[in-house]
Amino acid sequence: MIEIRGLCKNYEISYRSGFFRSKKVKKSALRNITLAFDSPEIIGLVGNNGAGKTTLMKLICGLLHPSSGKISILGEDPFKKTKSLLSKIAFLSGRKDSLTWDLPVCDSFKLHGYIYGLEKRSCILQYEKLADLFSATNLLQKQARALSLGERMKCELIKSLLHKPRILLLDEPTIGLDLETQLTFRKYIRLVKEEEKSLILLSSHNMEDISHTCSRMVGLSEGQVVFNDFLSEVVNNRSSDSQYRISYENSMDETLHEIICDISDIPEEIDKLRKNDKIRVISIRQEEKTFSQSIMDIISTKNLDHA
Numbered sequence: 042m043i044e045i046r047g048l049c050k051n052y053e054i055s056y057r058s059g060f061f062r063s064k065k066v067k068k069s070a071l072r073n074i075t076l077a078f079d080s081p082e083i084i085g086l087v088g089n090n091g092a093g094k095t096t097l098m099k100l101i102c103g104l105l106h107p108s109s110g111k112i113s114i115l116g117e118d119p120f121k122k123t124k125s126l127l128s129k130i131a132f133l134s135g136r137k138d139s140l141t142w143d144l145p146v147c148d149s150f151k152l153h154g155y156i157y158g159l160e161k162r163s164c165i166l167q168y169e170k171l172a173d174l175f176s177a178t179n180l181l182q183k184q185a186r187a188l189s190l191g192e193r194m195k196c197e198l199i200k201s202l203l204h205k206p207r208i209l210l211l212d213e214p215t216i217g218l219d220l221e222t223q224l225t226f227r228k229y230i231r232l233v234k235e236e237e238k239s240l241i242l243l244s245s246h247n248m249e250d251i252s253h254t255c256s257r258m259v260g261l262s263e264g265q266v267v268f269n270d271f272l273s274e275v276v277n278n279r280s281s282d283s284q285y286r287i288s289y290e291n292s293m294d295e296t297l298h299e300i301i302c303d304i305s306d307i308p309e310e311i312d313k314l315r316k317n318d319k320i321r322v323i324s325i326r327q328e329e330k331t332f333s334q335s336i337m338d339i340i341s342t343k344n345l346d347h348a
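Written as structure tokens, this is what we have:
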């Protein structure tokens, strides 16, 4: 479905070097990315801000051109923007509006359906069904400008699903959504994957989105792939991933303090505390790291390996 080989994307950034002069510096957003996704599945894209997640999605759907490398989507070149391919792709960005600002939401949906060649009646039935699913029926007659962030994200999500895409690119799709809608979103994209046989690429800083929907994860850091593995393998690898909480009391202010560290750092931390006779160590407790902490640790470690 998606094949990426040796993909690079560079930008030129200008900055002032004098009163009338500026210099241009080349920045690498993506460096030698090679990935292949062959079957309907949900893949999580994780990484810090600036890692290259959004750039990769924009390249996949043809919004950006690569500096070098090749991308094949459903056997086609996305940069040729053929009608047959565009009708099978949807890209949703939580940071960018795609609804027509002054139109009622339902008219934006109808316009979207017209552009994608949907029969009018089936388009209406589809958006009414999705609106009911996401508790957004009361929003259909509202202008997009009158929507809150969470309401807008519901409508953006409905719009991206209207034409039943084979490739669905979701960049921070749950920004502003309440907990109930987040749960509905996770359930529905799993359903889309099963029923429409879609390949879904999901970028999110909310690790609950990733852990509850994705079968596979790709970690990016500084424009490079630092890991690409099945979620089950990531979970298994972190089964013994622990941190330790050292609690101690300072007799000067009679307050309780805590230090969080890895097991290898415990002796050093204890030695530091013992040098102060006003400090009494109360306990050392082992704790499981959260899923988010473990993923960020993996990205940091792999990034050092690539340095």
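42 is the number of the first residue of the sequence shown in my numbering; add one for each residue after it.
No residue lacks a Cβ here, since even glycine has one placed at the ideal position from N, Cα and C.
Remember, predicted model here, so these are calculated numbers, not experimental data.
In the DSSP assignment, Lys68 forms a beta bridge with Tyr52. Nearest in C-alpha terms to Leu314, of all of Ala77, Ile300 and Leu224, is Ile300. Contact between the region 166–182 and the region 193–213 is established, with three or more Cβ pairs separated by less than 8 Å. For the 8 Å CB-CB criterion, Ala185 and Leu140 form a contact.
If you check the CB distance, Ile323 and Glu290 come in under 8 Å.
With respect to Thr96, Leu105 sits close: the two C-beta atoms are nearer than 8 Å. By alpha-carbon distance to Ile45, the top candidate from Gly88, Arg227 and Thr75 is Thr75. In this structure, DSSP gives Gln182 a state outside helix and strand, which the three-state scheme calls coil. Tyr229: member of the alpha helix (DSSP H) spanning Leu220 to Glu237, first to last residue.
DSSP places Ala77 in the strand class (E or B) of the three-state scheme.
The Cβ atoms of Ile83 and Cys255 sit closer than 8 Å to each other. Short of 8 Å from the beta carbon of Ser176, and not among the five residues preceding or following it, lie these beta carbons of its own chain, in chain order: Lys195, Glu221, Thr222 and Thr225. Between the region 229–241 and the region 258–265, the count of C-beta pairs closer than 8 Å stays below three; the two stretches do not touch.
The region 107–122 makes contact with the region 45–56: 3 or more CB pairs, one atom from each, lie closer than 8 Å. Counted as a single uninterrupted DSSP element, the stretch harbouring Arg326 is not any alpha helix (DSSP H) but the beta strand (DSSP E) occupying residues Ile320 to Glu329. For Ile304, no beta strand (DSSP E) encloses it, and the DSSP letter there is neither H nor E.
Ile101 is positioned such that its CB atom lies closer than 8 Å to that of Leu210. By the criterion of a C-beta distance shorter than 7 Å, Leu126 is surrounded in its chain by Ile114, Leu115, Glu117 and Pro119, once the five residues flanking it on both sides are discounted. Taking the Cα of Lys228 as reference, the smallest distance to any Cα among Arg257, Leu174, Lys129 and Glu329 is reached at Leu174.
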